[in-house]
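What follows is a short report on a single structure.
Residue numbers (full-length UniProt numbering): 1 to 329.
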């Protein structure tokens with residue numbers, strides 16, 4: 001549906017409109033994302049051909065775009081990421097917390113996207129203040145340096161878990177940068193004993209929420225959290241709708257998801273071994289998401305010969321120059 005809507009608008013006009021709000025690198029990335037999305041799963045634009053070495057049976061799979069605009073890729077990425085999180089999350093209570101920015105300040109994050117990367121660090125500082133009992137350390141009669149083994153007390157949770165996801169869109173597609181934080185309700189002391197904390201995540205719009213569109217207008221709905229989750233409908237000009245979709249595409253390689261504490265990448269071997277004890281033991285699928293979806297939906301392994309029951313080999317890869325050469329400006 002998003003693809004059909006893009007085909008109805010003057011992309012050149014829309015791109016020229018949003019260009020002043022973006023860096024040149026970000027703008028080029030958005031153009032490339034649009035181009036790949038419009039070519040996604042087009043067999044004439046690119047494919048991979050798998051052939052059975054025994055009987056000659058072959059299966060041709062179109063190349064996908066892996067663009068943030070693509071609903072299919074968005075669903076796959078979300079499902080894969082969720083499964084990975086289930087495997088990584090410790091078997092302890094967690095809480096989802098939403099951090100927002102005052103409406104008066106949101107425009108600054110639109111003009112300077114580098115500010116977005118500071119949001120996750122700011123959330124981590126808030127959590128650090130809570131878990132490390134910083135309010136008590138500030139009023140200490142005698143200052144204890146952080147390098148001292150006595151800086152942390154046995155009541156401090158030194159190692160906590162935090163995963164943050166940056167979103168720039170509200171449910172009505174307006175510019176509304178905010179952070180979803182998943183935080184552990186407890187963690188490990190300086191002696192690596194577990195202590196409970198006693199007090200205390202996509203496409204900008206899913207296609208199923210679009211209820212109508214034509215050459216001029218697009219109508220979609222959202223559940224208004226400020227009004228008891230009531231379903232509300234928004235109708236806007238099709239050009240403005242596409243502008244809102246494109247403006248939320250982050251710059252290339254921008255990290256929307258960040259991990260801190262014992263969910264971070266750089267933790268000590270001792271902490272890593274302790275964390276493993278608190279993880280759930282889950283069975284992992286032997287198939288990738290694409291293969292599992294194909295088997296569950298069609299009952300067919302996409303890379304296995306249906307006659308010889310052996311894995312097929314890649315015989316040919318074709319990629320059209322359109323993947324890199326088309327320009328919509």
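Think of the CB as a built atom: it goes at the ideal place given N, C-alpha and C, for glycine as much as any other residue.
Considering only the alpha carbon of each residue, which of 34, 46, 192 lies closest to residue 273? As a position in the chain shown, residue 273 is number 273, starting the count at 1. Ranking 34, 46, 192 by Cα distance to residue 273 puts 192 first.
Rounded C-beta distance between residue 312 and residue 40? I'm assuming under 8 Å. By one-based count along the chain shown, residue 312 stands at place 312. By one-based count along the chain shown, residue 40 stands at place 40. Not quite, the Cβ-Cβ distance comes to about 23 Å (not below 8 Å), so this is no contact.
3-residue-minimum beta strand (DSSP E) runs that sit fully inside the stretch 72–113, ordered along the chain: 94–100
Could you tell me the distance, in whole angstroms, from the CA atom of residue 170 to the CA atom of residue 122? As a position in the chain shown, residue 170 is number 170, starting the count at 1. As a position in the chain shown, residue 122 is number 122, starting the count at 1. The alpha-carbon atoms of residue 170 and residue 122 are separated by roughly 20 Å.
Going straight from the alpha carbon of residue 237 to that of residue 297, what length do you get? As a position in the chain shown, residue 237 is number 237, starting the count at 1. As a position in the chain shown, residue 297 is number 297, starting the count at 1. For residue 237 and residue 297, the distance between alpha carbons rounds to 37 Å.
Assign residue 259 to one of two classes, buried (16 or more other C-beta atoms within 10 Å of its C-beta) or exposed (fewer than that). Mapped onto the chain shown, residue 259 falls at position 259. By the neighbour-count rule (16 or more Cβ atoms within 10 Å), residue 259 is buried.
How about residue 246 and residue 30: are their beta carbons less than 8 Å apart? Here residue 246 refers to the residue found at position 246 of the chain shown. Here residue 30 refers to the residue found at position 30 of the chain shown. With respect to residue 30, residue 246 sits close: the two C-beta atoms are nearer than 8 Å.
Exposure label - residue 282; buried when at least 16 CB within 10 Å: To locate residue 282, count along the chain shown from 1; it is residue 282. Confidence is the limiting factor: at residue 282 the pLDDT is only 49, short of 50, which leaves the residue's position unreliable, though a coordinate-based value still follows. Counting Cβ neighbours within 10 Å, residue 282 comes out exposed, since fewer than 16 surround it.
Mind reading off the beta-carbon distance from residue 61 to residue 306? Whole number of angstroms is fine, and I expect it under 8 Å. Working through the chain shown from its first residue, we reach residue 61 at position 61. Working through the chain shown from its first residue, we reach residue 306 at position 306. The pair is not a contact, with the Cβ atoms about 15 Å apart (cut-off 8 Å).
Interface flag, residue 15 vs chain B, CB-CB below 8 Å: Of the protein chains in this structure there is only one, and it is not chain B.
Return helix, strand or coil for residue 301, following the three-state DSSP convention. Counted from its first residue, the chain shown places residue 301 at position 301. Reduced to three states, the DSSP call for residue 301 is coil.
Taking residue 126 as part of the alpha helix (DSSP H), name the residues at either end of that continuous run. Walking along the chain shown from the start, residue 126 turns up at place 126. It spans 116–131 - the alpha helix (DSSP H) in which residue 126 sits, taken as one unbroken run.
Does the beta-carbon distance from residue 212 to residue 219 come in below 8 Å? Counted from its first residue, the chain shown places residue 212 at position 212. Counted from its first residue, the chain shown places residue 219 at position 219. By the CB criterion at 8 Å, residue 212 and residue 219 fall inside the cutoff.
Suppose contacts are defined by Cβ-Cβ distances below 8 Å. Is residue 159 in contact with residue 17 by that definition? Within the chain shown, the letter at position 159 stands for residue 159. Within the chain shown, the letter at position 17 stands for residue 17. The answer is no: Cβ separation not under 8 Å.
Reduced DSSP category for residue 237 - H, G, I as helix; E, B as strand; rest coil: Residue 237 sits at position 237 when you count from the first residue of the chain shown. Correct three-state label for residue 237: strand.
Quick check: the stretch 54–72 against the stretch 20–36, are there 3 or more CB pairs under 8 Å? yes
Which value, in whole angstroms, describes the spacing of the CA atoms of residue 343 and residue 165? Limits of the chain in this structure are 1 at one end and 329 at the other, which puts residue 343 out of reach.
Close Cβ partners of residue 9 (< 7 Å) along its chain, the five nearest in sequence each way excluded: Residue numbering aside, residue 9 sits at position 9 when the chain shown is read from its first letter. Excluding positions up to five away in sequence, the list reads 238, 239, 242.
For residue 168, count neighbouring C-beta atoms within 10 Å of its own C-beta (all shown protein chains included) and say buried if the count is 16 or more, exposed if not. Taking the first residue of the chain shown as position 1, residue 168 is located at position 168. Buried: at least 16 other Cβ atoms inside 10 Å.
Taking only the alpha-carbon atoms, compute the straight-line gap between residue 304 and residue 310 and give it to the nearest angstrom. Your numbering for residue 304 matches position 304 in the chain shown. Your numbering for residue 310 matches position 310 in the chain shown. So the two alpha carbons sit approximately 6 Å from each other.
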